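Enquirer:
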Amino acid sequence: MQDDTPQSTHFDPLFVRNMIESFLRIGLLLILLVLSYDIIKPFTVPIVWGAIIAMAAFPLVKWLERRLGGRRGLAASLVSLSFIILLVVPAWSVTNALLDGLQSLSATLKAGSLHVRPPNESVREWPFIGERVYAAWSEASGNLQAFINHYAVEIREISGRVLKSIGSSVLGVLTFVAAILIAGGFMAYADSCGRTAHRFFVRIGGLKPGGEWAPMTVATVRSVLQGVIGIAVIQTALIALGLWFWDVPGTPLWSAIILVLAIAQLPALLVVAPIIIWMFSVSDTATAVAFMVYQIIAGASDNILKPILLGRGLDIPMPVILIGAIGGMIASGIVGLFAGAVVLSIWYKLFGLWIDQQAR
Numbered sequence: 075m076q077d078d079t080p081q082s083t084h085f086d087p088l089f090v091r092n093m094i095e096s097f098l099r100i101g102l103l104l105i106l107l108v109l110s111y112d113i114i115k116p117f118t119v120p121i122v123w124g125a126i127i128a129m130a131a132f133p134l135v136k137w138l139e140r141r142l143g144g145r146r147g148l149a150a151s152l153v154s155l156s157f158i159i160l161l162v163v164p165a166w167s168v169t170n171a172l173l174d175g176l177q178s179l180s181a182t183l184k185a186g187s188l189h190v191r192p193p194n195e196s197v198r199e200w201p202f203i204g205e206r207v208y209a210a211w212s213e214a215s216g217n218l219q220a221f222i223n224h225y226a227v228e229i230r231e232i233s234g235r236v237l238k239s240i241g242s243s244v245l246g247v248l249t250f251v252a253a254i255l256i257a258g259g260f261m262a263y264a265d266s267c268g269r270t271a272h273r274f275f276v277r278i279g280g281l282k283p284g285g286e287w288a289p290m291t292v293a294t295v296r297s298v299l300q301g302v303i304g305i306a307v308i309q310t311a312l313i314a315l316g317l318w319f320w321d322v323p324g325t326p327l328w329s330a331i332i333l334v335l336a337i338a339q340l341p342a343l344l345v346v347a348p349i350i351i352w353m354f355s356v357s358d359t360a361t362a363v364a365f366m367v368y369q370i371i372a373g374a375s376d377n378i379l380k381p382i383l384l385g386r387g388l389d390i391p392m393p394v395i396l397i398g399a400i401g402g403m404i405a406s407g408i409v410g411l412f413a414g415a416v417v418l419s420i421w422y423k424l425f426g427l428w429i430d431q432q433a434r
């Protein structure tokens, strides 16, 4: 006869003690990780940018090191100092000139001695905004005080945005200065940093394929730098040359917008197409057709350059790097441009390894 009496469940005291200790250890580890992340969080962006700059600029340090008798620390310091000068001097000049201009404008407005010249008729020909700019400019030149009173809210909003942009720009410059200093440290101790990165990747992924990830990360960052950004700069330069040659108003502004679109992997024709239409309305047919043909060729130049520059020296297909760079930038901004390409490249290698194991 089967005994249906419920039997009590007994837990091994050793198992219970080990389980409680494991929970406590894991909890303490999580607390330590959270506290550590909060501590290093303000430095995350400069450290990531420092690593990117170091990986991109290290060949220059190696070249300079050979000419300085093997003194890598001096070479890294000189390269870092050069980068800081190239960054800080123009930024300081622009910021100082802008602040001086704002102070001078404020003093002139308070004194009531500011006079606005009437706009030139060529302002009407500016693409898309010419008529509105001309009308507002004419109103300001006729009665400046009435113009200021009429657009007081807009002027206050624009002034606030300008000051906020100046503050953000100064903070961005300081962040990049910190990133360059960190990059200098990475480059000066590149061998130990490389060994640490290698050991980290091997610990995560094993000797195969983890041992390949550190050099692949460096190569991917350099590939994205010379690929996505390099191609964007070349394409923008070609398009800007055409805008300048055909004397299109606002060439610097259009060039800056095109550069942003090119880095984001969006077609430059989004900006160029309306300018082509405007060119047909203000120029003769032959000039407009020549401008259109040149801009179409310049806008399509990235299709020729991408297979040449992107992914060069890597055994990873160009579309993998391109998709990773675009997706990373959409998710995390400019830093994601590099991080996305690295992450997707590692995923591609892991996926290939898994496929090979399944096949065997």
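In this note's numbering, the protein residues as written are 75 to 434. Where a beta carbon is used, it is the ideal one built from N, C-alpha and C, also for glycine. Just so it is clear, the structure is predicted and the values come from calculations on it, not from any experiment.
Which of helix, strand or coil does DSSP assign to Ile371?
Expert: Within the sequence shown, numbered from 1, the residue matching residue 371 stands at position 297. In this structure, Ile371 counts as helix in the three-state DSSP scheme.
Enquirer: So what does DSSP say about Met75, is it helix, strand or coil?
Expert: As a working mapping, residue 75 is identified with position 1 in the sequence shown. Because Met75 carries a pLDDT of 47, less than 50, the predicted location of this residue cannot be relied on, and no value is offered for it.
Enquirer: Suppose you measure from the CA of Met261 to the CA of Trp328; what does that come to, to the nearest Å?
Expert: Start at 1 with the first residue of the sequence shown, and residue 261 comes out as number 187. Start at 1 with the first residue of the sequence shown, and residue 328 comes out as number 254. Between Met261 and Trp328, the C-alpha separation is close to 37 angstroms.
Enquirer: Between the region 97-115 and the region 239-251, can you find at least three pairs of beta-carbon atoms closer than 8 angstroms?
Expert: Too few Cβ pairs lie closer than 8 angstroms, so no.
Enquirer: Between the alpha carbons of Val21 and Ala314, how many angstroms are there, rounded?
Expert: A query on residue 21 cannot be resolved here, the shown segment of the chain reaching from 75 to 434 and no further.
Enquirer: Check Gly324 in the structure and name its three-state DSSP category.
Expert: Here residue 324 refers to the residue found at position 250 when the sequence shown is read from its first residue. Gly324: coil per DSSP, three-state reduction.
Enquirer: Which same chain residues, not among the five before or five after Ala415, have their C-beta less than 7 angstroms away from its C-beta?
Expert: As a first step, residue 415 is located in the sequence shown; it is residue number 341 there, counting from the start. Counting only Cβ-Cβ distances below 7 angstroms, and skipping sequence neighbours, we find Thr294, Val298, Ile395, Gly398, Ala399, Gly402.
Enquirer: Go through the region 269-349 residue by residue and report every complete run of the alpha helix (DSSP H) that reaches 4 residues or more, in order.
Expert: 285-298, 304-319, 325-337
Enquirer: For Pro283, which residues in the same chain have their Cβ closer than 6 angstroms to its Cβ, ignoring the five residues on either side in sequence?
Expert: In the sequence shown, counting from the first residue as 1, residue 283 sits at position 209. Taken in chain order, the residues that qualify are Lys423, Leu427.
Enquirer: What does a CB cutoff of less than 8 angstroms around Ile350 pick up in its chain, not counting 5 residues either side in sequence?
Expert: Taking the first residue of the sequence shown as position 1, residue 350 is located at position 276. Here the set comprises Ala362, Phe365, Met366, Gln369.
Enquirer: In its own chain, which residues sit with a C-beta less than 7 angstroms from the C-beta of Leu152, not counting the 5 before and 5 after it?
Expert: One-based indexing of the sequence shown puts residue 152 at position 78. Around Leu152: Leu138.
Enquirer: Who are the near neighbours of Leu440 in its chain, counting only those whose CB is closer than 8 angstroms to its CB and skipping five residues on each side?
Expert: As displayed, the chain neither begins before 75 nor continues past 434, which places residue 440 out of reach and without an answer.
Enquirer: On the criterion of 16 or more Cβ atoms from any shown chain inside 10 Å, does Asp321 qualify as buried, or is it exposed?
Expert: Within the sequence shown, numbered from 1, the residue matching residue 321 stands at position 247. So Asp321 ends up on the exposed side.
Enquirer: Looking at C-alpha atoms only, which residue of Leu312, Val190, Ala306 is the closest neighbour of Lys380?
Expert: If you number the sequence shown from 1, residue 380 lands on position 306. Nearest of Leu312, Val190, Ala306 to Lys380, Cα basis: Ala306.
Enquirer: Cutting at 6 angstroms between CB atoms, please list the residues of its own chain near Ala405, excluding the five before and the five after it.
Expert: Here residue 405 is taken as the residue at index 331 of the sequence shown, counted from 1. Excluding sequence neighbours, Ala405 sits near nothing in its chain.
Enquirer: Helix, strand or coil: how does DSSP classify Ser357 here?
Expert: Residue numbering aside, residue 357 sits at position 283 when the sequence shown is read from its first letter. If DSSP states are grouped into helix, strand and coil, Ser357 belongs with coil.
Enquirer: Could you tell me whether any Cβ in chain B is nearer than 8 angstroms to the Cβ of Gly407?
Expert: Structure shown: chain B not included; a single protein chain is present.
Enquirer: Would you identify the three-state DSSP class for Val190, choosing helix, strand or coil?
Expert: Within the sequence shown, numbered from 1, the residue matching residue 190 stands at position 116. If DSSP states are grouped into helix, strand and coil, Val190 belongs with coil.
Enquirer: Residues in its own chain within less than 8 angstroms of Ile159 by CB, not counting five upstream and five downstream?
Expert: Within the sequence shown, numbered from 1, the residue matching residue 159 stands at position 85. Contacts found: none.
Enquirer: Pop quiz: Leu161 and Phe250 are said to be a contact at Cβ under 8 angstroms. What is the actual Cβ separation, rounded to whole angstroms?
Expert: Counting from one through the sequence shown, the residue named residue 161 turns up at place 87. Counting from one through the sequence shown, the residue named residue 250 turns up at place 176. That pair is a contact at about 6 angstroms.
Enquirer: Let's test the definition: count the other Cβ atoms within 10 Å of the Cβ of Gln219 and tell me whether it reaches 16, buried, or not, exposed.
Expert: The residue you call residue 219 lines up with position 145 of the sequence shown. Exposed, by the Cβ-count rule.
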